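Accompanying notes for the structure given below.
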């Protein structure tokens, strides 16, 4: 496959590929370096989400703190960095919750989601091109937003539903 | 924003945008017509998933039957079409489970997920460039695959976890 577009966040490859089973077809693939997301669970059981403008939807979405993995960075280190940058917290414990494939048909991004506990203040150093609002919620309210279709972001939905199973 | 790449499944737009809050930044957005996915629930409670080669991952993934919405098609009609094409079934009832945003940072795709019940045979008419294996599983086994990280596809994970809440 050859690169047909290179941007900051992803590049696009295109080509005719022969797949196992004999299918021969033109495929376009969006190549991405991978992402991390963090479910920050406070000592009282509440969680912090972020509200952020998403230009692809011309609206603000409620999501887990998340971001791209930098070149050479390990997912766990990226998760800790995003937690600091976006919500100004560090965590005594970061455990892996799940690895998610957002859109397997044409996007090779994976999102490794961590559960952060033992939270303590660190200095927030937000990305200059991000404008983020923190939203701290009792867990039951966050789950209710999922059930009412008010949280539609895949990584956030997956993390909150897995957390609900853990607490059940 | 201007189109910088046009493919069969998506196109890419790029440009400098001024966002609410005053942030001015270059953004690349992958534009997609939207997808549907279906959780087919049989009368005995089992579910049918599909195993399919995904060129972006050079491997086969276990997923809900799913596909792109055709131009002018409504999500519910697309879901019924994919159910027929991929697993050769039609459904007496299709209820909306959730709408998912796979990767809000740079991809405008949404996935509307339906729960299909009252399943009955229809003729399968698979896409010529898809090679699909049907995998029918007791629900508890499908859920165990989610919990062990063996199902990583976001739409499948979301649907199975929501179905588990419904059954609890």
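Chains as they are written, first to last, in this note's numbering: chain A, 638 to 805; chain B, 638 to 805. Beta carbons: idealized from backbone N, C-alpha and C, even for Gly. Note that the coordinates shown come from a computational prediction; the quantities given were computed from them, not determined experimentally.
- Taking 8 angstroms as the CB threshold, residue 688 (chain B) stays off the interface with chain A.
- Counting along the chain, residue 712 (chain A) sits inside no beta strand (DSSP E); it lies in the alpha helix (DSSP H) bounded by residues 712-724.
- Residue state for residue 771 (chain B) is assigned as strand, using DSSP reduced to three classes.
- The C-alpha of residue 700 (chain B) lies about 35 angstroms from the C-alpha of residue 727 (chain A).
- For residue 751 (chain A), there is no enclosing alpha helix (DSSP H); the enclosing beta strand (DSSP E) has its first and last residue at 748-758.
- Listed along chain A are 656, 657, 658, 659, 660, each with a C-beta nearer than 9 angstroms to that of residue 768 (chain B).
- Near chain B, meaning a CB-to-CB distance below 9 angstroms, the residues of the segment 697-716 of chain A are 697, 698, 700, 703, 704, 705.
- Contact check for residue 796 (chain A) against residue 750 (chain A) passes: the beta carbons are separated by less than 8 angstroms.
- Look at residue 656 (chain A) here: in three-state DSSP terms it is coil, with no helix or strand label.
- At the C-beta level, residue 689 (chain B) and residue 698 (chain B) come within 8 angstroms of one another.
- The DSSP-derived three-state label of residue 787 (chain A) is coil.
- Judged by DSSP in its simplified three-state form, residue 802 (chain A) adopts helix.
- By the neighbour-count definition (other C-beta atoms within 10 Å, threshold 16), residue 639 (chain B) is an exposed residue.
- Beta-carbon to beta-carbon, residue 672 (chain A) and residue 708 (chain A) are separated by about 14 angstroms, too far to satisfy the 8 angstroms threshold.
- Considering only beta carbons, the part of the segment 661-683 of chain B lying closer than 9 angstroms to chain A consists of 661, 662, 663, 664, 665, 666, 667, 668, 669, 672, in chain order.
- Under the three-state reduction of DSSP, residue 778 (chain A) is assigned to helix.
- If you ignore the 5 residues before and after residue 799 (chain B), its C-beta comes within less than 7 angstroms of the C-beta of 734, 735, all in its own chain and listed in chain order.
- In the same chain as residue 772 (chain A), and ignoring 5 residues on each side of it, the C-beta atoms closer than 6 angstroms to its own belong to 686, 688, in chain order.
- The three-state reading of DSSP puts residue 676 (chain B) in strand, counting E and B together.
- The three-state secondary structure of residue 797 (chain A), taken from DSSP, is helix.
- Against chain B, a Cβ distance below 7 angstroms from residue 693 (chain A) picks out 666, 741, 743, 744, 745.
- Within the same chain, and ignoring the five residues on either side of residue 642 (chain A) in sequence, the residues whose Cβ sits closer than 8 angstroms to its Cβ are 648, 649.
- Between residue 744 (chain A) and residue 669 (chain A), the C-beta spacing is below 8 angstroms.
- Around the beta carbon of residue 742 (chain B), 16 or more other beta carbons sit within 10 angstroms, so the residue counts as buried.
- Take residue 779 (chain A), set aside five residues on each side of it, and the residues of its chain with a beta-carbon closer than 8 angstroms to its own are 684, 686, 788, 797, in chain order.
- At least one beta carbon of chain B lies nearer than 8 angstroms to the beta carbon of residue 795 (chain A).
- Distance from the CA of residue 705 (chain B) to the CA of residue 715 (chain B), rounded to the nearest whole angstrom, comes to 8 angstroms.
- Secondary structure note for residue 666 (chain A): its beta strand (DSSP E) is the uninterrupted segment 661-669.
- Taking CB atoms only, residue 777 (chain B) has no neighbour in chain A less than 8 angstroms away.
- Taking 8 angstroms as the cut-off, the Cβ atoms of residue 663 (chain A) and residue 678 (chain A) do not count as close.
- The beta carbon of residue 719 (chain B) sits closer than 7 angstroms to the beta carbons of 673, 675, 702, 703, 704 from its chain, once the five residues preceding and following it are set aside; these are given in chain order.
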